[in-house]
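The next block holds one structure in the form of structure tokens; read it before the comments.
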Amino acid sequence: MRKYSRIIGTGGYLPEKVMTNHDISEKVDTTDAWIYERTGIRTRRIAADHETSSSMAEIAAREALDAANLDADDIDLIITATSTPDRIFPSTACLLQQRLGIRNCAAFDVQAACSGFIYGLSIADQFIRAGNANYVLVVGSEINSRLLDWSDRTTCILFGDGAGAVLLKVSKEPGILSTHIHSDGKYQDLLYVPNPYGQRAREEAPYLVMSGNDVFKVAVNTLGRIVDETLAANGMEKTDIDWLVPHQANTRIIAATARKLQMSMDHVIVTIENQGNTSSASVPLALNEAVRDGRILPGQVVLMEAFGGGFVWGSALVQY
Ligand code: UT7
Numbered sequence: 537m538r539k540y541s542r543i544i545g546t547g548g549y550l551p552e553k554v555m556t557n558h559d560i561s562e563k564v565d566t567t568d569a570w571i572y573e574r575t576g577i578r579t580r581r582i583a584a585d586h587e588t589s590s591s592m593a594e595i596a597a598r599e600a601l602d603a604a605n606l607d608a609d610d611i612d613l614i615i616t617a618t619s620t621p622d623r624i625f626p627s628t629a630c631l632l633q634q635r636l637g638i639r640n641c642a643a644f645d646v647q648a649a650c651s652g653f654i655y656g657l658s659i660a661d662q663f664i665r666a667g668n669a670n671y672v673l674v675v676g677s678e679i680n681s682r683l684l685d686w687s688d689r690t691t692c693i694l695f696g697d698g699a700g701a702v703l704l705k706v707s708k709e710p711g712i713l714s715t716h717i718h719s720d721g722k723y724q725d726l727l728y729v730p731n732p733y734g735q736r737a738r739e740e741a742p743y744l745v746m747s748g749n750d751v752f753k754v755a756v757n758t759l760g761r762i763v764d765e766t767l768a769a770n771g772m773e774k775t776d777i778d779w780l781v782p783h784q785a786n787t788r789i790i791a792a793t794a795r796k797l798q799m800s801m802d803h804v805i806v807t808i809e810n811q812g813n814t815s816s817a818s819v820p821l822a823l824n825e826a827v828r829d830g831r832i833l834p835g836q837v838v839l840m841e842a843f844g845g846g847f848v849w850g851s852a853l854v855q856y
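According to this note's numbering, the sequence shown is numbered sequentially starting from 537.
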């Protein structure tokens, strides 16, 4: 019997504190008009001091468990995608496991920057199709605000905090149709965060560094290619896709991918305006929003994609 992974529940969490473009314009030389025009962002959420990636992941995960009507004890594997782990180790997935009050299941983190959730989904799908897990929790959770240099107007305007989660279950019916993940380390210096414990410890402050314009150009081209690769792998046409759930880095990048799919923006889930770029949390947060508000319906075909520091990129095609 062929096995598939089906999404049986989604959840999300956004911290309470809202930071507007106007708030940022009081810290650095920028304007609401510039930020909105160039990025599509108006506000983003900022985690409170007591919050961590694991605390936000717990809230999103519990919401997904409720939606799936599943007991946490049934989970076989927890994969957490994050670039902002509570601790270097243990993994945020282990801390989440403890928060969910479960023991013995496998738990690990995936570090693939903004593509972490797509990578996590791909790994989860391999476990399920190979018969090694029946229920997998995949979470993207990020406190990007703590990685930012709040005096750098080219980066601090872009990011927000949040967490999104999905629960996958083994099924005879699709489910995830295919996942595609790639990386190219030659671009490592265009978007990175130095590790204070790593090789650059004494040379650079531990804040996010990005050559925005270079990243933008590669992102648009690469996402165009992954759309073609995903459609070809499934023998599908552009018109077979009901919804695009993109990583939310910039509305202009999202619109370019929609154009590539000849898809109207009415069929693209866009959350960036009030969330900014939440890195690995952006795709599951957007999916959760569109499932809960009834836009994405059972049986529809959903294309998720992401691109981030590495560079790393990927897609997942799902029959919902
Ligand atoms: O999720 C991971 C992947 N990340 C991305 O995909 C991000 C990709 N990059 C981007 O989204 C865009 O490149 C940005 C939004 C970061 C920047 O937009 P841009 O249209 O590429 O602007 P730019 O970097 O070419 O800068 C244009 C001008 C510059 O001034 P000059 O040199 O033309 O005088 C910047 O100094 O805009 C200036 N600028 C700003 N002005 C006002 C840069 N940041 C700001 C700002 N406010 N916040």
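Just so you know, even glycine gets a beta-carbon here, dropped at the ideal spot from N, CA and C.
Note that the coordinates shown come from a computational prediction; the quantities given were computed from them, not determined experimentally.
Residue i and residue j closer than 7 Å at C-beta
i      : j      : result
Asn557 : Arg578 : yes
Thr496 : Ala794 : Residue 496 is absent from the structure shown; the chain starts at 537 and stops at 856.
Val837 : Asp750 : no
Asp612 : Ala669 : yes
Leu601 : Ala593 : no
Arg689 : Thr566 : yes
Ser509 : Gly700 : As shown, the chain starts at 537 and ends at 856. That puts residue 509 outside it, with no answer to give.
Ile543 : Thr620 : no
Tyr671 : Lys705 : yes
Ser677 : Thr766 : no
Thr616 : Val827 : no
Ala597 : Val675 : yes
Ile614 : Leu673 : yes
Asn770 : Ser681 : no
Val754 : Ile789 : no
Ala643 : Cys630 : yes
Selected residue, minimal CA-CA separation from residue i, among the options
i      : options                           : result
Tyr572 : Asn786, Met799 and Ala660         : Asn786
Leu886 : Leu657, Leu780, Tyr743 and Ser589 : Shown here, the chain extends from 537 to 856; a query on residue 886 therefore has no answer.
Ile624 : Val646, Thr546, Met555 and Gln855 : Val646
Tyr655 : Val848, Gln855 and Val854         : Val848
Asp829 : Ile805, Tyr743 and Leu797         : Ile805
Glu587 : Gly547, Val745, Thr628 and Asp610 : Thr628
Arg581 : Ser714, Ala817 and Gly844         : Ala817
Ala583 : Arg598, Ala597 and Met555         : Met555
Gly748 : Met772, Asn731 and Tyr723         : Tyr723
Val819 : Arg639, Leu839, Ser800 and Arg831 : Leu839
Thr691 : Asn731, Cys641, Ala842 and Tyr743 : Tyr743
Leu853 : Ser589, Val675, Pro551 and Leu657 : Leu657
Ile762 : Ala842, Asp568, Ser687 and Val702 : Ala842
Tyr856 : Gly846, Val756, Arg831 and Gly845 : Arg831
Pro551 : Cys630, Asp585 and Ile790         : Asp585
Ala792 : Lys539, Ser687, Thr575 and Arg639 : Thr575
Asp764 : Ala569, Gln798, Asp559 and Val745 : Gln798
Val564 : Trp686, Asp802 and Leu632         : Trp686
Ser591 : Leu726, Gly548, Asn640 and Asp559 : Gly548
Gly667 : Lys796, Ala569, Leu726 and Lys539 : Lys539
Burial state of residue i, where buried means 16 or more other Cβ atoms lie within 10 Å
i      : result
Lys708 : exposed
Glu562 : exposed
Asn824 : buried
Gly637 : exposed
Pro834 : exposed
Met537 : exposed
Glu739 : exposed
Asp622 : buried
Ser851 : buried
Leu735 : Residue 735 is actually Gln in this sequence, not Leu. Per the 10 Å Cβ criterion, exposed.
Ser589 : buried
Glu773 : exposed
Gln634 : exposed
Gln662 : exposed
Gly846 : buried
Pro915 : Residue 915 cannot be examined here, being either before or after the span of the chain that is shown, 537 to 856.
Cβ-heavy atom distance, residue i to the ligand ZN, below 6 Å
i      : result
Asn605 : With respect to the ligand ZN, the structure shown offers nothing to examine, as its ligands consist of the ligand UT7.
Taking contact to mean 3 or more Cβ pairs, one atom from each stretch, closer than 8 Å, check whether the region 649–662 and the region 713–725 are in contact. A contact exists between the region 649–662 and the region 713–725.
Below 8 Å, can you find three or more Cβ-Cβ pairs linking the region 682–701 to the region 811–824? The count of Cβ pairs closer than 8 Å, one atom from the region 682–701 and one from the region 811–824, reaches three, so the stretches are in contact.
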